[in-house]
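Line by line, the protein sequences give chains A and B. For the first sequence, our numbering begins at 141 and goes up steadily by one. For the second sequence, our numbering begins at 348 and goes up steadily by one. Glycine included, C-beta positions come from ideal geometry on N, C-alpha and C. Keep in mind that this is a model prediction, so the values were computed, not measured.
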Amino acid sequence: MNTILGISAFYHDSAATLIKDGEIIAAAQEERFSRKKHDPNYPYNAINYVLSEANLNLNEVDHIVFFEKPFLKFERLLETYLAFAPRGFKSFSLSMPIWLREKLFQKKFLFDQLKRHDKNFDDINKINFSEHHLSHAASAFYPSPFEQAVVLTLDGVGEWATTTLAIGKKNNLDMIKEIHFPHSLGLLYSAFTYYIGFKVNSGEYKLMGLAPYGKPKYKELILNKLLDVKSDGSFKLNMKYFNYATGLTMTNKNFSNLFDQPVRNPSKDLLKEFHMDIASSIQAVTEEIILRLTKNIANEYKIKNLCLAGGVALNCVANGKILRENIFDNIWIQPAAGDAGGSLGAALAYWHHELKKPRDNFKDQMKGAYLGPKFSDKHIESQLNKLKGKYNKKTSKEISSIVAKELSNNKTVGWFQGRMEFGPRALGGRSILADPRSEKMQKELNLKIKFRESFRPFAPSVLREDVNNWFELNYDSPYMLLVSDVKKDKQIAMSEKDKKLFGIDKLNVKRSSIPAITHVDYSARIQTVHKETNPKYYDLLNEFKKITGCPVLVNTSFNVRGEPIVCSIDDAFNCFMGTNLDILVIENFILFKNEQDQSLIKDYKNKFELD
Amino acid sequence: MLSFLKEFFEFLGARKKYWLLPILIVLALFGALIVLSQGTAIAPFIYTIF
Chain A
141 MNTILGISAF YHDSAATLIK DGEIIAAAQE ERFSRKKHDP NYPYNAINYV LSEANLNLNE
201 VDHIVFFEKP FLKFERLLET YLAFAPRGFK SFSLSMPIWL REKLFQKKFL FDQLKRHDKN
261 FDDINKINFS EHHLSHAASA FYPSPFEQAV VLTLDGVGEW ATTTLAIGKK NNLDMIKEIH
321 FPHSLGLLYS AFTYYIGFKV NSGEYKLMGL APYGKPKYKE LILNKLLDVK SDGSFKLNMK
381 YFNYATGLTM TNKNFSNLFD QPVRNPSKDL LKEFHMDIAS SIQAVTEEII LRLTKNIANE
441 YKIKNLCLAG GVALNCVANG KILRENIFDN IWIQPAAGDA GGSLGAALAY WHHELKKPRD
501 NFKDQMKGAY LGPKFSDKHI ESQLNKLKGK YNKKTSKEIS SIVAKELSNN KTVGWFQGRM
561 EFGPRALGGR SILADPRSEK MQKELNLKIK FRESFRPFAP SVLREDVNNW FELNYDSPYM
621 LLVSDVKKDK QIAMSEKDKK LFGIDKLNVK RSSIPAITHV DYSARIQTVH KETNPKYYDL
681 LNEFKKITGC PVLVNTSFNV RGEPIVCSID DAFNCFMGTN LDILVIENFI LFKNEQDQSL
741 IKDYKNKFEL D
Chain B
348 MLSFLKEFFE FLGARKKYWL LPILIVLALF GALIVLSQGT AIAPFIYTIF
C-alpha cells in the first residue's frame, strides 16, 4: 500500500488530499473546518481529517507533496522586481522579509507543522514539491475518464506559468507550452473584479453573474488597448494599465482613465449600467480568448478530449461555450479547479508522473466530488441533542417524499447528506434547496436566506435523463461547471417593454417556467444528478418530479454570504437557526423551523465578513 | 540550514540562474543586519552610513 498526502496552502484555499495506491480517499478545504472563507493557512484540520478517513498516522504516509515550488516562485518574484525597478519598491520591501524569513524555508516550515500531527514523523525527505500548473494539469487529467486528452490550465499565476498546455496519455502528462507571468487571463479577470469593487480571489463569480445584465460595449476597447491576442489565443497584456506585478493594487490610473471611471468603492457606489457593461465586456473577452485557445489546440493536436483546470476553468459560462461550439467531442473539468484542487493534483502527479504508476481505469475518479467528512446517525443524534434541536428520525424513503412535498409548497430546505463536496460548488451534499418554479424564490433566497446581493443567480440541479428536456444541453455536468440556456419551449419571451428594463429590474420578469434558476439571458449553471454518485439526491428529485412534473430543483450552497459551506452538524444547525430556512434535513433526521425553540434563533447575518 | 543551501544551489544550477546569487547575498546580509540590529548598538551604525 502506498499513500500520498497532497497539500495546497499559504495563498488562498488551503486544502489536503489523501490518495491510497492512486485512489482518491479524501479531500477537503481548510476553510470548512476553520470557518474562515478561502483560509490560506496551513491546513491543519483538513490534514487531520484526510488522515482519519484513511485511518493513518502521518508517520505511516509514504510521500507528502506540496502543490507548488517555492524556489521557483521566489525566482519569479526577484526577476519581476528587477524588471520593473525602481517601481515596486514598496511591494518588494513588504514581501522580501516574509520570503527571507519563512517562505523560502517552506520545506522546514512544513516539516515543523507536520510534526504537530504526529511527533513520530521524522523524515523530512518525504516532503516533495510539484509545480503549480503541473498540479492543476494532473488534477484535471488523472481523475478524468479519458485515456488521452489535451489539458489546458488557466489561472492567476503559480510560479511562472499562468496558462499551460499539456498532453496526457495514460499515465504520462507532458507539458507542451506555457504563457508566463505577468501575462495572465486569471489576473486580467481579477483586475476587472477589483475595478468593479468586488474582492479579488472571491468576487470573480459575482462578475460572471453580473455580466448578463450588461452589454459588451467595451470588448473592442479591451482587446485593442489592454491586451494583444493572437489568432491562436496566446496573449500579452499591456502592463501600462496594470499594477499587480509590483504594486499593491490590481489596476492603475491609466486603467481608470481608459474607461473614464474610477475604481468602484463598494461601500459608497451603487452598481450601475456601466459596471454591468464592463462585466459583460470582460466576460466576452475571456470567452473569446478561451475559444481561440481551444480551437487552435483542437486543430493542432487532433485529440478529441479536453481537460480543464485552474481558477479560470470555474468560468462555467466560457466552459459551456466550448461545449456548444463542438470544438472537442468531450470535456472534463476538475470540480476543485482552483488552488484547493492543487493538493489533489500534486498527490496524483507524484503517483503517476514521478513514481510512474500505471493508469488503466478510464472512468471519472472523483466519486462525484463527495470526498469530505460524513457523520454517523449516532453522532448526528448526540449533536442535535446538545444543540437542543427538535427533530424526527425517518426512513430514507420517507425523507424523499416529505421533503419533495414541502419543496413543492415553496418551503426552503437545508440538505445535509453524505460526504461533503470538494471544490467550491455544493452538489447536493451540503446544499440549500428550493422550488425553481416559484417566481419569488430567487429574491427570497438572496435576501432572506443567503443575505447576499439581489442580482446573483441561482443554479439548478436536474435528473441526468431529463436534462435535455429542460435545458439546451445533453451532456453530463455533475460538477455544475457548464452553463447552458433553459430549453426554448420552457422560456417565456420578454415583451418589448420588458426588454427595455435595465439591470436588476429585468429579474422581476418571469422568463421561464422555472424562473428561480433562469438568469436574465435565459442561461443556467447546470448540475446533472446521477443515481450512481448521489442516490439520495436523485431520489429526492424523482419524488419532486412525481409531485410537480418538474425534475429540477434550485441548488445553492448551504451557507450565507461570506461563510464557508457548512461542514459539521453544528455549522448546519447554526446556519438553519440564523436564516429563514424552513426545514433542515441531516441524513434521515428532519427539523422544522416552527417546531424549534425560538430562543435559539441567532443573528447570523453579520457573523461573517462579506465576500 | 546546510541542506537548504545545498538544495538552493542545486536549484540555481538547474535553472542556470547563478546571476541571482549576488542579489541574494546582499538581501541575506541586509536581512541579517536588520535582525541583529534590533535593539542593539548596531542601529546608530546603520544611521551613520545612510
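Q | Within chain A, the residues that residue 370 of chain B reaches when beta carbons sit closer than 8 Å | A | In the second sequence, the residue the question calls residue 370 of chain B occupies position 23. By Cβ distance, chain A contributes 218 and 222.
Q: Establish whether the CB of residue 349 of chain B and some CB of chain A are separated by less than 9 Å.
A: Here residue 349 of chain B is taken as the residue at index 2 of the second sequence, counted from 1. Residue contact with chain A for residue 349 of chain B: absent (no Cβ-Cβ distance below 9 Å to any residue of chain A).
Q. On the three-state DSSP scale, how would you describe residue 667 of chain A?
A. In the first sequence, residue 667 of chain A corresponds to position 527, counting from 1. Three-state result, residue 667 of chain A: strand.
**Q.** alpha helix (DSSP H) segment containing residue 272 of chain A, residue limits
**A.** Position 132 of the first sequence, counting from 1, holds the residue named residue 272 of chain A. Looking at the DSSP string, the run of the alpha helix (DSSP H) that includes residue 272 of chain A is 272-281.
Q: Specify the secondary structure class of residue 315 of chain A as computed by DSSP and reduced to three states.
A: Within the first sequence, numbered from 1, the residue matching residue 315 of chain A stands at position 175. When secondary structure is reduced to three states using DSSP, residue 315 of chain A falls in the strand class.
**Q.** residue 700 of chain A, DSSP secondary structure in three states
**A.** Taking the first residue of the first sequence as 1, we reach residue 700 of chain A at position 560. Here residue 700 of chain A carries a coil assignment [DSSP, helix/strand/coil].
Q | Helix, strand or coil at residue 439 of chain A [DSSP, three-state] | A | Residue 439 of chain A sits at position 299 when you count from the first residue of the first sequence. In the structure shown, residue 439 of chain A sits in a helix (DSSP, three-state: H, G or I).
Q. Got a sec: is the Cβ-Cβ distance from residue 215 of chain A to anything in chain B below 9 Å?
A. If you number the first sequence from 1, residue 215 of chain A lands on position 75. So, interface residue.
Q: Report the neighbours of residue 374 of chain B on chain A: residues whose CB is nearer than 8 Å to its CB, in chain order.
A: One-based indexing of the second sequence puts residue 374 of chain B at position 27. Within 8 Å Cβ-Cβ: 236 and 240.
Q) With C-beta atoms as the reference, is residue 608 of chain A less than 9 Å away from residue 493 of chain A? A) Against the first sequence, residue 608 of chain A aligns to sequence position 468. Against the first sequence, residue 493 of chain A aligns to sequence position 353. In this structure, the beta-carbon distance from residue 608 of chain A to residue 493 of chain A does not fall below 9 Å.
Q) Going along the chain, which residues of its own chain have a beta-carbon closer than 6 Å to the beta-carbon of residue 606 of chain A, five neighbours each way excluded? A) Along the first sequence, read from residue 1 onward, the residue named residue 606 of chain A stands at position 466. So the list reads 691, once near-sequence residues are dropped.
Q: Examine chain B for any beta-carbon lying closer than 9 Å to the beta-carbon of residue 254 of chain A, and answer yes or no.
A: Your numbering for residue 254 of chain A matches position 114 in the first sequence. For residue 254 of chain A, the answer is no, since every Cβ of chain B falls outside 9 Å of its Cβ.
(Q) Tell me the rounded alpha-carbon separation between residue 715 of chain A and residue 677 of chain A. (A) Within the first sequence, residue 715 of chain A is the residue found at index 575, counting from 1. Within the first sequence, residue 677 of chain A is the residue found at index 537, counting from 1. The alpha-carbon atoms of residue 715 of chain A and residue 677 of chain A are separated by roughly 21 Å.
Q. Is the Cβ of residue 360 of chain B closer than 9 Å to any Cβ of chain A?
A. Along the second sequence, read from residue 1 onward, the residue named residue 360 of chain B stands at position 13. At a cut-off of 9 Å between beta carbons, residue 360 of chain B makes no contact with chain A.
Q) So, helix, strand or coil for residue 519 of chain A, using DSSP? A) Mapped onto the first sequence, residue 519 of chain A falls at position 379. Correct three-state label for residue 519 of chain A: helix.
Q. Taking Cβ positions, are residue 421 of chain A and residue 352 of chain A nearer each other than 9 Å?
A. Along the first sequence, one-based indexing puts residue 421 of chain A at 281. Along the first sequence, one-based indexing puts residue 352 of chain A at 212. Contact check for residue 421 of chain A against residue 352 of chain A fails: the beta carbons are separated by 9 Å or more.
Q. Under 9 Å, do residue 601 of chain A and residue 630 of chain A count as touching if we go by C-beta distance?
A. In the first sequence, the residue the question calls residue 601 of chain A occupies position 461. In the first sequence, the residue the question calls residue 630 of chain A occupies position 490. The answer is no: Cβ separation not under 9 Å.
Q: Alpha carbon to alpha carbon, how far is residue 404 of chain A from residue 432 of chain A? Give it in angstroms, no decimals.
A: As a first step, residue 432 of chain A must be located in the first sequence, where it is residue number 292. As a first step, residue 404 of chain A must be located in the first sequence, where it is residue number 264. So the two alpha carbons sit approximately 31 Å from each other.
Q: Measure the alpha-carbon distance for residue 334 of chain A versus residue 294 of chain A and round it to whole angstroms.
A: Residue numbering aside, residue 334 of chain A sits at position 194 when the first sequence is read from its first letter. Residue numbering aside, residue 294 of chain A sits at position 154 when the first sequence is read from its first letter. Residue 334 of chain A and residue 294 of chain A have their C-alpha atoms spaced approximately 19 Å apart.
Q.
Against chain A, with Cβ distances strictly below 9 Å, would residue 367 of chain B count as a contact?
A. Residue numbering aside, residue 367 of chain B sits at position 20 when the second sequence is read from its first letter. Interface flag for residue 367 of chain B against chain A is set, since a Cβ pair is found closer than 9 Å.
Q.
By DSSP's criteria, residue 570 of chain A is part of a beta bridge. Which residues make up the other side?
A. The residue given as residue 570 of chain A occupies position 430 in the first sequence. BP columns for residue 570 of chain A point to A:556.
(Q) Does residue 737 of chain A pass the burial test, meaning 16 or more other C-beta atoms within 10 Å, or should it be called exposed? (A) Counting from 1 along the first sequence, the entry for residue 737 of chain A is found at position 597. With fewer than 16 other Cβ atoms within 10 Å, it is exposed.
Q | Alpha-carbon to alpha-carbon, residue 349 of chain B and residue 344 of chain A | A | Counted from its first residue, the first sequence places residue 344 of chain A at position 204. Counted from its first residue, the second sequence places residue 349 of chain B at position 2. Going from the Cα of residue 344 of chain A to the Cα of residue 349 of chain B covers about 43 Å.
Q.
In this structure, how does DSSP classify residue 365 of chain B when only helix, strand and coil are distinguished?
A. The residue given as residue 365 of chain B occupies position 18 in the second sequence. Helix.
Q. Using DSSP with H/G/I as helix, E/B as strand and the rest coil, what is residue 335 of chain A?
A. Here residue 335 of chain A corresponds to residue number 195 of the first sequence, with the count starting at 1. Helix at residue 335 of chain A.
Q. In its own chain, which residues sit with a C-beta less than 7 Å from the C-beta of residue 589 of chain A, not counting the 5 before and 5 after it?
A. To locate residue 589 of chain A, count along the first sequence from 1; it is residue 449. So the qualifying residues of the chain are 552, 572, 719, 720 and 721.
Q.
Would the stretch 158-170 of chain A count as touching the stretch 179-190 of chain A if we require 3 or more Cβ pairs under 8 Å?
A. At 8 Å Cβ cutoff, the stretches touch.
Q. Roughly how many whole angstroms lie between the Cα atoms of residue 596 of chain A and residue 370 of chain B?
A. Taking the first residue of the first sequence as position 1, residue 596 of chain A is located at position 456. Taking the first residue of the second sequence as position 1, residue 370 of chain B is located at position 23. Rounded to whole angstroms, residue 596 of chain A and residue 370 of chain B show a C-alpha spacing of 48 Å.
Q | Residue from A:273, A:203 and A:279 with nearest C-alpha to residue 481 of chain A | A | Your numbering for residue 481 of chain A matches position 341 in the first sequence. Closest by alpha carbon: A:279.
(Q) Using a Cβ-Cβ distance cut-off of 9 Å, determine whether residue 364 of chain B contacts chain A. (A) Here residue 364 of chain B refers to the residue found at position 17 of the second sequence. The beta carbon of residue 364 of chain B sits closer than 9 Å to some beta carbon of chain A.
Q.
Here's the rule: buried if 16 or more other CB atoms are within 10 angstroms of the residue's CB, otherwise exposed. What is residue 689 of chain A?
A. To locate residue 689 of chain A, count along the first sequence from 1; it is residue 549. Per the 10 Å Cβ criterion, exposed.
**Q.** residue 248 of chain A: contacting residues in chain B (beta-carbon distance under 8 Å)
**A.** Position 108 of the first sequence holds residue 248 of chain A. In chain order: 351.
Q | Whole-angstrom distance between residue 160 of chain A and residue 424 of chain A, CA atom to CA atom | A | Within the first sequence, numbered from 1, the residue matching residue 424 of chain A stands at position 284. Within the first sequence, numbered from 1, the residue matching residue 160 of chain A stands at position 20. Whole-angstrom Cα-Cα distance: 42 Å.
Q. Between which two residues does the beta strand (DSSP E) containing residue 723 of chain A stretch?
A. Locating residue 723 of chain A in the first sequence gives position 583, counting from the first residue. 723-726 is the extent of the beta strand (DSSP E) around residue 723 of chain A.
Q) Exposed or buried, which one is residue 469 of chain A when buried takes at least 16 other CB atoms within 10 Å? A) Translated into positions along the first sequence, residue 469 of chain A becomes position 329. That one is exposed.
Q: Determine the direct distance from the alpha carbon of residue 372 of chain B to that of residue 426 of chain A, and round the result to whole angstroms.
A: Your numbering for residue 426 of chain A matches position 286 in the first sequence. Your numbering for residue 372 of chain B matches position 25 in the second sequence. Rounded to the nearest angstrom, the gap between the Cα atoms of residue 426 of chain A and residue 372 of chain B is 42 Å.
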